[in-house]
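Enquirer: From first to last, the protein sequence lines stand for chains R and V.
Per the numbering used here, the very first residue in the first sequence carries number -1; after that it's consecutive.
Per the numbering used here, the very first residue in the second sequence carries number -1; after that it's consecutive.
Take a look at the following structure, please.
Protein chains: 2
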Amino acid sequence: MTAPEVCFEDLPAGRRIALGSVVVDRDEMLAFNRRFDPQPFHVDEQAARDSLFGGLCASGWFTASLWMRCYVDGLLSRAAALGSPGGDEIAWPAPVFPGDRLDAALEIVAARVSASRPNLGLVTLVGTLTRGDDGADPVTVYRGRFTGMFGLRAPGGTASA
Amino acid sequence: MTAPEVCFEDLPAGRRIALGSVVVDRDEMLAFNRRFDPQPFHVDEQAARDSLFGGLCASGWFTASLWMRCYVDGLLSRAAALGSPGGDEIAWPAPVFPGDRLDAALEIVAARVSASRPNLGLVTLVGTLTRGDDGADPVTVYRGRFTGMFGLRAPGGTASA
């Protein structure tokens, strides 16, 4: 097994990483909504038009899952990633619609070695999905603040810029 | 259109609601993991056995989505539900495995009428998924604290027990 390219030491506070972009597929969105979040504004065209959202929109869990895939492809697949215990912010500040092109990113806001497990790094990161809106100001449609657990390249090491 | 059965007034702080249970389907879990969270411990049997988790386990987003479906079936489908702007806690304190039977619940921890929109109620709720573990103490595998937006039956009303 080869050593992962990205370890805790490579993820210092302040680092910002672009995670590519994703286009929201209408059929996949609807299938997800029907299975996991069948509220009228997520599954019924007419009810959605009559709702505050103005049209069929993504379940927030579909949106979060799209970000997660970008995070895996853009970072975790090359990293000594050990999962996540959770986070302290999840926000869907604007609805997501079929065909939306969303840019994924993350920013490291804190990084420390576990006190009890010196070979484990705890990284606090903020992940976002942003819609460009064709020349208008970008709109953040998803924001999540989580702890990621990462292995250290060298036990006792510290993250550095 | 008939009036929803459950409005803001029916969701006072302190109310606890059982949302039924769900069994984790291995094939569906794997399909979700492969699409949205293809980390080795979520998609590769051998890598999962060698990981901290000890076996293939659910993406946290699959677990959260399973809870969401229980929330829709157990409450939102009968409610004047208007979506959610997000929350301030999401936690996966223990891994979820295929075949797990999980009990879903929610507890209302706060409820208030929007200051700017008197026909909108803001409900803070904690949702959980708990595994019974066959006689052992129940294990919480998911916990999320969110704001839910609900319509009022009577504008200016207040939630009451």
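The C-beta atom is built at its ideal place from N, Cα and C for all residues, glycine as well.
Short check: CB of V:Trp59 to CB of R:Met66, under 8 Å?
Expert: In contact: V:Trp59 and R:Met66 (Cβ atoms closer than 8 Å).
Enquirer: Identify, in the order they occur along the chain, each residue of the same chain with its Cβ nearer than 7 Å to the Cβ of V:Asp35, setting aside the five sequence neighbours on each side.
Expert: Counting only Cβ-Cβ distances below 7 Å, and skipping sequence neighbours, we find Ser57 and Trp59.
Enquirer: Using only the alpha-carbon positions, how far apart do R:Phe144 and R:Val4 sit?
Expert: R:Phe144 and R:Val4: Cα-Cα distance of roughly 18 Å.
Enquirer: Name the residue from V:Ala92, V:Ser112, V:Ala62 and V:Ala152 whose alpha carbon lies nearest to the alpha carbon of V:Leu104.
Expert: Measuring from the Cα of V:Leu104, the nearest candidate turns out to be V:Ala62.
Enquirer: Along the chain, where does the beta strand (DSSP E) containing R:Gly85 start, and where does it finish?
Expert: Segment Gly84 to Ala89, the beta strand (DSSP E) holding R:Gly85.
Enquirer: My output table needs one value for V:Ser114: the three-state DSSP class, helix, strand or coil.
Expert: Here V:Ser114 sits in coil by DSSP.
Enquirer: Among R:Leu150, R:Tyr69 and R:Gly149, whose alpha-carbon lies nearest the alpha-carbon of R:Gly18?
Expert: R:Gly18 has its Cα closest to that of R:Tyr69, out of R:Leu150, R:Tyr69 and R:Gly149.
Enquirer: If you draw a straight line from the alpha carbon of V:Leu28 to that of V:His40, how long is it in whole angstroms?
Expert: Rounded to whole angstroms, V:Leu28 to V:His40 spans 7 Å at the Cα level.
Enquirer: Whole angstroms are fine: how far does the CA of V:Arg13 sit from the CA of V:Gly149?
Expert: Cα to Cα, V:Gly149 sits roughly 17 Å from V:Arg13.
Enquirer: Which same chain residues end up closer than 8 Å to V:Cys97 when comparing Cβ atoms and leaving out the 5 residues on each side of it in sequence?
Expert: The sequence given here has Gly at residue 97 of chain V, not Cys. Cβ within range, chain order: Val21, Val22 and Arg24.
Enquirer: Note down, in chain order, each residue of its chain lying with its Cβ closer than 6 Å to the Cβ of R:Thr126, except the 5 sequence neighbours on either side.
Expert: Only Ala103, Thr138 and Arg141 meet the Cβ criterion.
Enquirer: Take every Cβ of the segment 115 to 123 of chain V, pair it with every Cβ of the segment 41 to 56 of chain V, and state whether three or more of those distances are shorter than 8 Å.
Expert: No: the two stretches stay apart, fewer than three of their Cβ pairs being nearer than 8 Å.
Enquirer: With a threshold of 8 Å between beta carbons, is R:Ile15 in contact with chain V?
Expert: Closer than 8 Å: no.
Enquirer: Quick one: does V:Leu28 have its CB under 8 Å from some CB of chain R?
Expert: Output row for V:Leu28: interface = no.
Enquirer: For the beta strand (DSSP E) that contains V:Arg14, what are its first and last residues?
Expert: Where V:Arg14 is concerned, the enclosing beta strand (DSSP E) stretches over Arg14 to Val21.
Enquirer: Have a look at R:Ala1 and V:Thr128 and give me their C-alpha separation to the nearest angstrom.
Expert: Rounded to whole angstroms, R:Ala1 to V:Thr128 spans 36 Å at the Cα level.
Enquirer: Evaluate R:Ser114 with the Cβ neighbour count: other Cβ atoms within 10 Å of its Cβ, from every protein chain shown; 16 or more gives buried, anything less gives exposed.
Expert: R:Ser114 should be labelled exposed.
Enquirer: So R:Gly219 is in the beta strand (DSSP E); what residue range does that whole segment cover?
Expert: No information on residue 219 of chain R is available, as it lies outside the stretch -1 to 159 that chain R covers here.
Enquirer: Check the Cβ-Cβ distances between V:Cys34 and every residue of chain R, and say whether any is below 8 Å.
Expert: Note that residue 34 of chain V is Phe in the sequence shown, not Cys. Yes, contact with chain R.
Enquirer: Along chain A, which residues have their Cβ under 7 Å away from the Cβ of V:Ile88?
Expert: Any reference to chain A falls outside this structure, whose protein chains are R and V.
Enquirer: Step through the CB atoms of chain V and report whether any lies within less than 8 Å of the CB of R:Val121.
Expert: Answer no: the Cβ-Cβ gap between R:Val121 and chain V never drops below 8 Å.
Enquirer: Would you verify that the beta carbon of V:Ser63 is, or is not, closer than 8 Å to some beta carbon of chain R?
Expert: So yes, V:Ser63 belongs to the interface.
Enquirer: Quick one: residues in its chain with C-beta nearer than 6 Å to the C-beta of R:Arg110, no 5 flanking neighbours on either side, listed in chain order?
Expert: Excluding residues within five positions, the ones whose Cβ falls inside 6 Å are Leu120.
Enquirer: Just how far apart, CA to CA, sit R:Arg99 and V:Ala79?
Expert: Approximately 27 Å, taken between the alpha carbons.
Enquirer: Taking V:Gly53 as the reference, which of V:Ala92, V:Asp8, V:Asn117 and V:Asp101 has the closest Cα?
Expert: Out of V:Ala92, V:Asp8, V:Asn117 and V:Asp101, V:Ala92 has the C-alpha closest to the C-alpha of V:Gly53.
Enquirer: Buried or exposed, going by whether 16 or more other CB atoms sit within 10 Å of the CB of V:Ala159?
Expert: With a pLDDT of 44 at V:Ala159, under the threshold of 50, the modelled position of that residue is not reliable, and no figure is offered here.
Enquirer: In the DSSP output, what is V:Val124 paired with across the bridge?
Expert: In the DSSP output, where bridge partners are listed per residue, V:Val124 has V:Glu105 and V:Arg143.
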